[in-house]
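With this note's numbering, letter number 94 in the sequence shown gets 688, and the count goes up by one each step, no holes.
Cβ atoms here follow ideal geometry from the backbone N, Cα and C, with glycine treated the same way.
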Amino acid sequence: MPLSYEEIFQENEKWVAEKTKTDPQFFERLALNQTPDYLFIGCSDSRADPDEITGLGLGDIFVHRNIANIVNPIDLNVASVIQYAIENLKVKHIIVCGHYGCGGIKAAMEEKGIGKNSPWLQIIKDIYRIHKKELERIKDEQKRYDRLAELNVIEQVENVMEMDCVEQLKGTKEYPGIHGWIFNMRTGRIIDLEVGTAQRSKKPKKSLVQRIFSLFRKK
Ligand code: CO
């Protein structure tokens with residue numbers, strides 16, 4: 595339920611009282627340091643709150659959010675967040691999380707309105723152009739935008755993997771799991787798109803000819 599501006603402070607007092615009632619040292623411990631296992635890169639959409647949808651709590655996720663969860667390598671903001679998460683916090687997983695019904699995705703594709711000449715959303719238009727054939731086969735507009743939201747996540751996961759500080763860790767124990775998610779706010783479910791490191795860990799299937807060839811080579 596939405597709170598008034600004044601009510602936020604009342605709620606905050608209640609929350610502090612609740613937390614310290616069962617655990618008097620809660621805030622002392624919280625203030626010591628942070629050791630989150632996850633870096634979450636998501637959309638600024640008010641309905642796609644990472645703590646709420648994952649069930650993780652304070653200190654568990656390092657978060658970066660922007661319109662349409664874009665990882666643009668020339669964006670100093672997201673680049674710094676990834677670098678800090680990797681080098682200082684040593685997170686175990688990086689998650690790029692998009693969501694169905696994303697206003698940023700829709701705005702980028704509209705003929706009129708805020709997304710029309712938005713430099714920020716240009717990257718979405720480029721993704722659309724690259725996948726135009728596939729996308730234009732989808733007649734239902736909502737489904738088409740949902741697919742574009744998925745393709746955007748896949749693209750942004752690639753951008754994470756190509757960042758210097760991430761790439762440098764390849765082959766080492768510190769290389770984090772890199773994942774692409776979609777939050778389906780119509781069902782509340784998180785969908786793992788199985789891209790990023792999940793995709794790379796799958797061994798490429800050998801063709802029949804390759805398998806026969808390798809049999810001969812063993813002899
Ligand atoms: Co969004």
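Identify the residues that DSSP records as bridge partners of residue 634: which are they?
On the sequence shown, position 40 is the one that residue 634 refers to. Answer is 657 and 689.
Going residue by residue through the region 749 to 785, where are the continuous beta strand (DSSP E) segments of at least 3 residues, counting only ones entirely within it?
771 to 778
Nearest neighbour of residue 740, chosen from 629, 622, 681 and 780 [CA to CA]:
By 1-based counting over the sequence shown, the position of residue 740 is 146. The shortest Cα separation from residue 740 among 629, 622, 681 and 780 belongs to 780.
Using 10 angstroms around the beta-carbon of residue 611, count the other beta-carbons present and answer buried if the total reaches 16, otherwise exposed.
The residue labelled residue 611 in the question sits at position 17 within the sequence shown. So residue 611 ends up on the exposed side.
Under 8 Å between C-beta atoms of residue 636 and residue 659
For the purposes of this step, residue 636 is taken as the residue at position 42 of the sequence shown. For the purposes of this step, residue 659 is taken as the residue at position 65 of the sequence shown. Yes, Cβ-Cβ distance for residue 636 and residue 659 is below 8 Å.
Nearest CA to the CA of residue 816: which residue from 787, 701, 651 and 641?
Residue 816 lies beyond the range of the chain shown here (595 to 813); nothing can be said about it.
Please report the Cβ distance between residue 776 and residue 754, rounded to the nearest whole angstrom; I am assuming they are in contact, meaning their Cβ atoms lie under 8 Å.
Locating residue 776 in the sequence shown gives position 182, counting from the first residue. Locating residue 754 in the sequence shown gives position 160, counting from the first residue. Not really, about 16 Å apart at Cβ, beyond 8 Å.
Buried or exposed for residue 656, going by 16 or more other Cβ atoms inside 10 Å?
Position 62 of the sequence shown holds residue 656. The residue in question, residue 656, is buried, as its Cβ has 16 or more Cβ neighbours within 10 Å.
Taking C-beta to C-beta, are residue 760 and residue 790 nearer than 8 Å?
What you label residue 760 is simply residue 166 of the sequence shown in a count that begins at 1. What you label residue 790 is simply residue 196 of the sequence shown in a count that begins at 1. Contact flag unset, no.
At what residues does the alpha helix (DSSP H) containing residue 617 begin and finish?
As a first step, residue 617 must be located in the sequence shown, where it is residue number 23. No alpha helix (DSSP H) contains residue 617, which DSSP labels as neither H nor E.
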